[in-house]
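The structure appears below as structure tokens.
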């Protein structure tokens, strides 16, 4: 069954955060204090994400009471029925709300800065899985590092929501001479690993977006992760996606770590040219275009 994107509806939590965005421009500490203000909603978010994957499936009973916290993408099926996908709200530093020990709700236990359990992978109720997962399943990982840290995690996590990838493409610019040593035999036959950076030429046949366009067929499910720690190249890929409606439809789920200048994140990002507000506005704009976009930690 085919579908079309109708709209993106920010949650009450995300909308409240967005209304206060001007307060975060020159007052980074306000981000942290506002996380504490919304401690109850953040706890609901973390609890839902933890529980809905605990038994290797989405539990339908857990979906009640998430409307205030999770934002929504609304779609229409070819038969006229509508359905939604939930996605984590754009708040805090866009990652796990407990990821920074000095910038989290006071009574919450801190997690690793790269903890990914805040991500609402897939975002679908069980009855709607067939809408998105009816064709082939493809995974593109730009900036894959070592197998266990990226692809291994993604493959295992998507398996919990019923997605087994048919083909996988991965790029890593730093040398990984022993990369294949940790790749399970059942994955090796479907994985295309390139130990080099992606091309700066979007139109090159070797570019991930060209490979994606070549293989995609209607009904395929495409997960695309972008984290190559090269802002110029990353933004060239994002610009192409943001301006190409066909790519927006082809990519079912997009993950991107966009670096920005913030005292809280300086030890990880340095001082890039992007601001906190740049990230907030970019991600919100992408979602409003129908791009199911997660912030990758």
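Numbering (this note's numbering), first residue to last: 12 to 308. By construction, the Cβ of each residue, glycine as well, lies at the ideal position given by its N, Cα and C atoms.
What are the residues that DSSP puts in a beta bridge with residue i?
{"i": "residue 83", "result": "20, 97"}
{"i": "residue 178", "result": "149"}
{"i": "residue 15", "result": "87"}
{"i": "residue 232", "result": "148"}
{"i": "residue 255", "result": "The partner list for residue 255 (beta bridge, DSSP) is empty, contrary to what the question assumes."}
{"i": "residue 49", "result": "DSSP output for residue 49 lists no bridge partner at all."}
{"i": "residue 203", "result": "180"}
{"i": "residue 266", "result": "236, 305"}
{"i": "residue 286", "result": "272"}
Spatial neighbours of residue i within its chain, please: C-beta separation below 6 Å, excluding the five flanking residues on both sides.
{"i": "residue 23", "result": "79"}
{"i": "residue 264", "result": "234, 303"}
{"i": "residue 14", "result": "86, 88, 142"}
{"i": "residue 145", "result": "230"}
{"i": "residue 124", "result": "110"}
{"i": "residue 28", "result": "102"}
{"i": "residue 203", "result": "180"}
{"i": "residue 296", "result": "none"}
{"i": "residue 21", "result": "82"}
{"i": "residue 56", "result": "80"}
So, under 8 Å CB-CB, residue i and residue j are touching, yes? Tell me the CB distance rounded to an integer number of Å.
{"i": "residue 239", "j": "residue 252", "result": "So it is not a contact: roughly 14 Å between Cβ atoms."}
{"i": "residue 303", "j": "residue 154", "result": "Rounded, the Cβ-Cβ distance is 19 Å, inconsistent with contact."}
{"i": "residue 190", "j": "residue 152", "result": "At roughly 12 Å, the Cβ-Cβ gap does not stay under 8 Å, so residue 190 and residue 152 are not in contact."}
{"i": "residue 182", "j": "residue 159", "result": "About 17 Å; that fails the 8 Å criterion."}
{"i": "residue 100", "j": "residue 82", "result": "5 Å"}
{"i": "residue 50", "j": "residue 118", "result": "7 Å"}
Taking all protein chains shown into account, decide if residue i is buried (16 or more other Cβ within 10 angstroms of its Cβ) or exposed.
{"i": "residue 34", "result": "exposed"}
{"i": "residue 96", "result": "buried"}
{"i": "residue 103", "result": "buried"}
{"i": "residue 120", "result": "exposed"}
{"i": "residue 245", "result": "buried"}
{"i": "residue 25", "result": "buried"}
{"i": "residue 139", "result": "buried"}
{"i": "residue 30", "result": "exposed"}
Check whether the Cβ atoms of residue i and residue j lie closer than 8 Å to each other.
{"i": "residue 208", "j": "residue 16", "result": "no"}
{"i": "residue 112", "j": "residue 53", "result": "no"}
{"i": "residue 114", "j": "residue 275", "result": "yes"}
{"i": "residue 122", "j": "residue 110", "result": "yes"}
{"i": "residue 5", "j": "residue 232", "result": "Since the displayed the chain opens at 12 and closes at 308, residue 5 lies outside it and no answer follows."}
{"i": "residue 45", "j": "residue 116", "result": "no"}
{"i": "residue 305", "j": "residue 179", "result": "no"}
{"i": "residue 223", "j": "residue 32", "result": "no"}
{"i": "residue 77", "j": "residue 105", "result": "no"}
{"i": "residue 288", "j": "residue 36", "result": "yes"}
{"i": "residue 166", "j": "residue 198", "result": "yes"}
{"i": "residue 19", "j": "residue 298", "result": "yes"}
{"i": "residue 213", "j": "residue 247", "result": "yes"}
In chain order, what residues of the same chain lie with their CB nearer than 8 Å to the CB of residue i, ignoring the 5 residues before and after it?
{"i": "residue 177", "result": "147, 148, 149, 201"}
{"i": "residue 93", "result": "17, 85, 86, 87"}
{"i": "residue 8", "result": "This structure leaves residue 8 out entirely; the chain is present only between 12 and 308."}
{"i": "residue 281", "result": "270"}
{"i": "residue 285", "result": "242, 269, 270, 271, 272"}
What does a CB cutoff of less than 7 Å around residue i pick up in its chain, not counting 5 residues either side in sequence?
{"i": "residue 259", "result": "252, 300, 301, 302"}
{"i": "residue 307", "result": "236, 238, 266, 267, 268"}
{"i": "residue 283", "result": "242, 270, 271, 272"}
{"i": "residue 293", "result": "269"}
{"i": "residue 215", "result": "221"}
{"i": "residue 168", "result": "132"}
{"i": "residue 217", "result": "210"}
{"i": "residue 206", "result": "183, 186, 187, 190"}
{"i": "residue 39", "result": "273, 274, 275"}
{"i": "residue 161", "result": "152, 155"}
So that I know if they touch, is there some Cβ in chain D lying closer than 8 Å to that of residue i?
{"i": "residue 274", "result": "In the structure shown, chain D cannot be found, because there is only a single protein chain."}
Consider the C-beta atom of residue i and the heavy atoms of the ligand SAH; say whether any pair is separated by less than 7 Å.
{"i": "residue 26", "result": "Only the bare structure without any ligand can be found here, which leaves the ligand SAH out of the picture."}
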